[in-house]
Amino acid sequence: MKEELLLEYLKTVCLGRGRIQKSAQMERALQISGNELRRLVHRLRKRGVPIASSRDGYFYAVTAGEVYTTIRQLRQMACGLEKAIAGLEGSLERFGQGTIWVPAEAQRSGFGGGRRNDGAGELPADRRERASAVRDDDGSGDDSP
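This is the structure in structure tokens:
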């Protein structure tokens, strides 16, 4: 419902880069939060709706160039996030070889408070080694005949 409302708003009020609108303006007009606006934009983009954006706001793209510009900006953001993740993974090595000490509250997952067993506390080298382990044809990882 809200996706359709946003889409209609973009097509009528924000058609093309020349009619770009700031997020705050759209939030007020649609009576939604900034988080909700970003979530809706993300969902519509995943469906193939050409919602373009820049630092100045959002608009409904009317040319391929407008879409390409947004794609380039999103790729730059993704690259920046990947670099941040790599830096943080590298920082884990400073905590020592082998087992990494993690506060108990950080080991709890979600509402149940159970311990995580998803490899999140591994060193990057350990994760790479585990990921590149030779597996047999059924993918089970059991090398026994």
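Note that the sequence shown covers residues 2 to 146 in the working numbering.
Beta carbons: idealized from backbone N, C-alpha and C, even for Gly.
Excluding sequence positions up to five away, which residues of its chain have a Cβ less than 8 Å from the Cβ of residue i?
| i | result |
| --- | --- |
| K3 | L31, I33, E37, L41 |
| G17 | F60, Y61, A62, V63, T64, E67 |
Grab the span of the alpha helix (DSSP H) containing residue i for me, first residue to last.
| i | result |
| --- | --- |
| I72 | 65 to 93 |
| S24 | 24 to 31 |
Count the other CB atoms, across all protein chains shown, that sit within 10 Å of the CB of residue i; report buried if there are 16 or more and exposed otherwise.
| i | result |
| --- | --- |
| E5 | exposed |
| F60 | buried |
| C15 | buried |
| L7 | buried |
| M78 | exposed |
Could you name the residues of the same chain whose beta carbon sits closer than 6 Å to that of residue i, not counting the 5 residues immediately before and after it, in chain order?
| i | result |
| --- | --- |
| D57 | I21 |
Give me the Cα-Cα distance between residue i and residue j, rounded to the nearest whole angstrom.
| i | j | result |
| --- | --- | --- |
| L11 | R76 | 23 Å |
| Q74 | C80 | 10 Å |
| L13 | Q26 | Per the sequence shown, residue 13 should be read as Thr rather than Leu. C-alpha separation (whole angstroms): 14 Å. |
Just to check my reading of the structure: residue i and residue j have Cβ atoms closer than 8 Å, yes? What is that Cβ distance to the nearest angstrom?
| i | j | result |
| --- | --- | --- |
| A85 | T71 | So it is not a contact: roughly 21 Å between Cβ atoms. |
So, at 7 Å on beta carbons, what are the nonlocal neighbours of residue i in its own chain, with the 5 sequence-adjacent residues on each side left out?
| i | result |
| --- | --- |
| V68 | P51, A53, A62 |
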